[in-house]
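> According to the working numbering, the sequence shown is numbered sequentially starting from 15.
The structure's right below; bear with me while I get my questions together.
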Amino acid sequence: MSHTPTPVRRGFGARNLRVAQKLQAILLIPVLVALVLGGVRVNRTVDTWQSAKDAVRVAELVQAANKYASDAIDERDVSVIPLVKGDRGSSTVAKARHLTDADAKEFNAAVARIPRTDGLQRRIELVRAGERQLPSVRAGAFTSRLSGVRTEESYHAVQHPLMEISNELGFGIASQATYGRTLYAVSLTQAAESLIRAIGTHLLVEDRSKLAKGELQSQIASFSSYVYLEQVALQEYAGFAGTAETARLREALADAEKKGQEQSAEARTQAEAAGKNFVPPPSLARMTGAIATGATATRLAEQGITPETFFAASTLGFDAYRSVEVYLTETALAQAHTIADDARNSAIVNAVLVLAAVLAAFLLATWVARTMSTSMRLLSTSAHEIAGQRLPATLTQLTRTVPGRVDATVEPIPITTTDEIGEVARAFDHVHREAVRLAAEQALLRANINTILSNLARRNQSLIEGQLSMITQLEDREADPDQLENLFQLDHLATRVRRNGENLLVLSGEAPVQQWDQPTPLVDVLRAAVSEVEQYERIQLSGVPEIQIDGRAVNDLVHLLAELLENATTFSSPHAPVDVTAARLPDGRIMLEIHDQGIGLPPEEVAEVNRDLVEPPTVDAAISQRMGLFVVGRLADRHSIRVQLRPSAEGRGTTALVMLPDTVTHRAATEEPDSDTMALVAFVDARFTDGTARADGTWDDEPF
Numbered sequence: 015m016s017h018t019p020t021p022v023r024r025g026f027g028a029r030n031l032r033v034a035q036k037l038q039a040i041l042l043i044p045v046l047v048a049l050v051l052g053g054v055r056v057n058r059t060v061d062t063w064q065s066a067k068d069a070v071r072v073a074e075l076v077q078a079a080n081k082y083a084s085d086a087i088d089e090r091d092v093s094v095i096p097l098v099k100g101d102r103g104s105s106t107v108a109k110a111r112h113l114t115d116a117d118a119k120e121f122n123a124a125v126a127r128i129p130r131t132d133g134l135q136r137r138i139e140l141v142r143a144g145e146r147q148l149p150s151v152r153a154g155a156f157t158s159r160l161s162g163v164r165t166e167e168s169y170h171a172v173q174h175p176l177m178e179i180s181n182e183l184g185f186g187i188a189s190q191a192t193y194g195r196t197l198y199a200v201s202l203t204q205a206a207e208s209l210i211r212a213i214g215t216h217l218l219v220e221d222r223s224k225l226a227k228g229e230l231q232s233q234i235a236s237f238s239s240y241v242y243l244e245q246v247a248l249q250e251y252a253g254f255a256g257t258a259e260t261a262r263l264r265e266a267l268a269d270a271e272k273k274g275q276e277q278s279a280e281a282r283t284q285a286e287a288a289g290k291n292f293v294p295p296p297s298l299a300r301m302t303g304a305i306a307t308g309a310t311a312t313r314l315a316e317q318g319i320t321p322e323t324f325f326a327a328s329t330l331g332f333d334a335y336r337s338v339e340v341y342l343t344e345t346a347l348a349q350a351h352t353i354a355d356d357a358r359n360s361a362i363v364n365a366v367l368v369l370a371a372v373l374a375a376f377l378l379a380t381w382v383a384r385t386m387s388t389s390m391r392l393l394s395t396s397a398h399e400i401a402g403q404r405l406p407a408t409l410t411q412l413t414r415t416v417p418g419r420v421d422a423t424v425e426p427i428p429i430t431t432t433d434e435i436g437e438v439a440r441a442f443d444h445v446h447r448e449a450v451r452l453a454a455e456q457a458l459l460r461a462n463i464n465t466i467l468s469n470l471a472r473r474n475q476s477l478i479e480g481q482l483s484m485i486t487q488l489e490d491r492e493a494d495p496d497q498l499e500n501l502f503q504l505d506h507l508a509t510r511v512r513r514n515g516e517n518l519l520v521l522s523g524e525a526p527v528q529q530w531d532q533p534t535p536l537v538d539v540l541r542a543a544v545s546e547v548e549q550y551e552r553i554q555l556s557g558v559p560e561i562q563i564d565g566r567a568v569n570d571l572v573h574l575l576a577e578l579l580e581n582a583t584t585f586s587s588p589h590a591p592v593d594v595t596a597a598r599l600p601d602g603r604i605m606l607e608i609h610d611q612g613i614g615l616p617p618e619e620v621a622e623v624n625r626d627l628v629e630p631p632t633v634d635a636a637i638s639q640r641m642g643l644f645v646v647g648r649l650a651d652r653h654s655i656r657v658q659l660r661p662s663a664e665g666r667g668t669t670a671l672v673m674l675p676d677t678v679t680h681r682a683a684t685e686e687p688d689s690d691t692m693a694l695v696a697f698v699d700a701r702f703t704d705g706t707a708r709a710d711g712t713w714d715d716e717p718f
């Protein structure tokens, strides 16, 4: 009689709701708030804030660039009189150049903060190209290398790229499209005024008798062209500037004219007080017109046009344009700061609103989440227990014992609900069972592979033993020294092949079939190990005590030492010796040290090797890369021998330390350790107390 399984009735409690329904209830409001407020308002205000901060950095860059450009051309202008007169060490020139260099540092600091846009990067590269020319311009200023107006125009390579950065300005300003052009126009006007001042002063102070033919006419033509350029730049400014900017420039020029009149009146008063004849200078426009005629300095002085009066009048115009330039950059910077502050405040407000909505949603969802917490906590605890304790313990048992003798049953997770959490628990139980089953299969497969390796190794061992016996017979019969040497090499090679076969037995977990039944002197054990090494002639034994090794450990100890010696000779110079020393400790232990002079190992690799020597890993494909050290670890574990690698004390090569316990050594009961041995033990204990390498690469506090 068959029974149909009774379907499980799903309850109406919140605990048995589907996970999708629970997540919908929990996440509905946060998702809607995030999509509406976070996706639109917060993102937009944050973007605006970021753009405003970038605009602040650009405004700061423009401010630094304009100051740098103004001081660079001002350096040129104030240098005209001293340099034309040959005063190359003038303090005025040095002070002006120092100011320009300080501006360059401030500009570089501003460059480090700007957003990395293609336009700005291109303009910065142009500035750098001009800066690279500045030292040569300074060195040749107003000399035969830069005659005529070439000095004045050479500064253009530095000043003009700095001035052009103004075109990047304008974010957040109502007239954004024209603001940068307005600033550029006033900077261009200032640059033209500076060239007029420099070339005009140059014409007034230079010795025209030393000029080349046509050079004076070239200077006058350049002077006139820059007078014209100033008017063009003013028209450009008027075309882009707004009403307020136009009025500000007009006011600045009016103040400059008024200040010029005051300076002229003060100069007249000083001249009359000194009893000198004073000729009032004409307006700046009349001065430039008179200089453009090519009149001599003497004739111009009769009209009140001297280098001092012309430079002073032109400087007033230069400063007027500079004041408008400073105003525009500061206005743009202030507006960018205002926009950035507003955007930051808006982002904070929106973020607070989003957080408040999320908090409300969290409070609403808490009662739903509480129904899930108990089952989830139990599922999490059980899963961690399975992953961290039960499953690793089962896998360890499967790797160390016969797979068929291990209980592979799985205890299910104690969750009986019918919701998704219960389904996950059942799925985890299934995964647990499958993991144990696969581990059992893998353990059985490893056992089969070990059996195969063992069978192959034993078959090879019998063949190699026969080969060694035959080689020995041939050696006994051979009289030719050369042939006998070849037979010795063949014998040695076969011995190494035999050791590789023994490695396979160790890998498969088999103990050697043949064991020595008599105690053997330690020196004979060492010699036997040396004889199995290809470069045996490099190995030097010293200080070996007269100690007997238990017969059961002789074969394994010879094998262990041969692997360490082979490793030491292989990874060191073929011309360097490998030193083997031994010391007997009072408690019956023997410490062997194998020193090579190779390149050594990195600390992390030494730590990894020592870790594998203490706990040999499971056999896999990676073991083939360090099969010898793996075999050493297995053999050492078999007889409680401790093996460790450490860097040599001399800082070159590696030292292998082998500590033989008293269980594998024999010593007469009446034998007492001598004073040298006691001193050596004290030295070894002190040294290992100070720094014995752990498997994890740290240093042990206990002696080896």
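Just so it is clear, CB atoms sit at the ideal spot from N, CA and C, and this is done for glycine as well.
Just so you know, these numbers come straight off a predicted model, no measurement behind them.
Measuring straight from C-alpha to C-alpha, what distance separates H609 and E425?
53 angstroms
> Give me the Cβ distance between V70 and S180, rounded to the nearest whole Å; I'm assuming they're in contact under 8 angstroms.
The pair is not a contact, with the Cβ atoms about 16 angstroms apart (cut-off 8 angstroms).
> From this set, A110, R300, A346, which residue's C-alpha is nearest F324's C-alpha?
R300
> Which residues share a DSSP beta bridge with Q487?
Answer is none; Q487 lacks a bridge partner.
> In chain order, what residues of the same chain have a beta carbon less than 7 angstroms from the beta carbon of I138, not counting five sequence neighbours either side?
Excluding residues within five positions, the ones whose Cβ falls inside 7 angstroms are V125.
> Quick check on the burial criterion: 16 or more other C-beta atoms within 10 angstroms. Buried or exposed for Q275?
exposed
> Quick one: Cα of G711 to Cα of L507, how far?
Confidence in G711 is poor, its pLDDT being 39 and thus under 50, which makes the residue's placement unreliable; the coordinate value appears in the next sentence. C-alpha separation (whole angstroms): 36 angstroms.
> How would you call E716, buried or exposed, if buried means at least 16 neighbouring beta carbons within 10 angstroms?
Any reading at E716 must be qualified, since the residue scores a pLDDT of 35, below 50, and its modelled position is unreliable; the value itself is stated next. Exposed, by the Cβ-count rule.
> Tell me E280's beta-bridge partners as DSSP assigns them.
None, per the DSSP bridge assignment.
> Can you tell me which of the three DSSP states I353 falls into?
helix
> With a threshold of 7 angstroms on Cβ separation, who are the neighbours of L209 within its own chain once the five nearest residues in sequence on each side are excluded?
Within its own chain, the residues whose Cβ lies closer than 7 angstroms to the Cβ of L209, once the five positions on either side in sequence are excluded, are E166, Y240, listed in chain order.
> Just confirm the distance between the C-beta atoms of R652 and D570, as a whole number of angstroms; I'd bet it's less than 8 angstroms.
Rounded, the Cβ-Cβ distance is 6 angstroms, consistent with contact.
> Between R666, K99, D88, which lies nearest to K109 when the distance is taken from Cα to Cα?
D88
> Output the boundary residues of the beta strand (DSSP E) element that contains L674.
668-674
> Whole angstroms are fine: how far does the CA of Q317 sit from the CA of T307?
13 angstroms
> Along the chain, where does the beta strand (DSSP E) containing A597 start, and where does it finish?
592-598
> Would you kindly work out how many angstroms separate the C-alpha atoms of A407 and I429, rounded to a whole number?
23 angstroms
> Output the distance between the C-alpha atoms of R541 and E618, rounded to the nearest integer angstrom.
33 angstroms
> Short of 8 angstroms in beta carbon distance, which residues of its chain neighbour P535, apart from the five on each side in sequence? Order them along the chain.
Apart from sequence neighbours up to five positions away, the residues of its chain that approach P535 with a beta-carbon distance below 8 angstroms are E560, I561, Q562, I563, ordered along the chain.
> Is it true that the CB of A315 sits closer than 8 angstroms to the CB of P295?
no
> Take the Cβ of A370 as the centre, count every other Cβ of all protein chains shown within 10 Å, and call the residue buried at 16 or more, exposed below.
A370 comes out exposed.
> DSSP on E560, reduced to helix/strand/coil?
coil
> Give the straight-line distance between the Cα atoms of V172 and Y82, rounded to the nearest whole angstrom.
Using only the alpha carbons, I get a separation of about 9 angstroms.
> Report yes if the CB atom of L615 is closer than 8 angstroms to the CB atom of V646, and no otherwise.
no
> Assuming V657 is part of the beta strand (DSSP E), what are its boundary residues?
First-last of the beta strand (DSSP E) with V657: 656-661.
> Under three-state DSSP, which class holds V22?
Any answer about V22 is weak, because its pLDDT of 47 lies below 50 and its placement is not dependable; what the coordinates show is given next. Here V22 sits in coil by DSSP.
> Confirm, please, whether the CB-CB distance from L574 to L649 is below 8 angstroms.
Yes.
> Could you tell me whether the Cβ atoms of L405 and A449 are closer together than 8 angstroms?
In this structure, the beta-carbon distance from L405 to A449 falls below 8 angstroms.
> Could you tell me whether the Cβ of K81 comes closer than 8 angstroms to any Cβ of chain C?
Protein chain content of the structure displayed is limited to a single chain, and chain C is not contained in it.
> In the DSSP assignment, find the unbroken beta strand (DSSP E) run with L160 in it and report its ends.
That residue, L160, is in no beta strand (DSSP E); it is neither H nor E in DSSP.
> Check whether the Cβ atoms of E250 and E207 sit closer than 8 angstroms, and answer yes or no.
Not a contact, by the Cβ cut-off of 8 angstroms.
> At what residue ranges does the region 533-590 contain a whole run of the beta strand (DSSP E), taking only runs of 3 or more?
553-556
> Thinking just about the alpha-carbon of each residue, which of V620, H680, Q503, H398 is nearest to the one in P602?
According to the sequence provided, residue 602 is Gly. The question's Pro does not apply to it. When only C-alpha atoms are compared, the closest one is H680.
> Going by DSSP in three states, T679 sits in which element: helix, strand or coil?
strand
> Which whole-angstrom value describes the C-beta separation of L197 and E339, a residue pair presumed to lie in contact below a C-beta threshold of 8 angstroms?
7 angstroms
> Hey, how far is the Cα of Y242 from the Cα of T203?
10 angstroms
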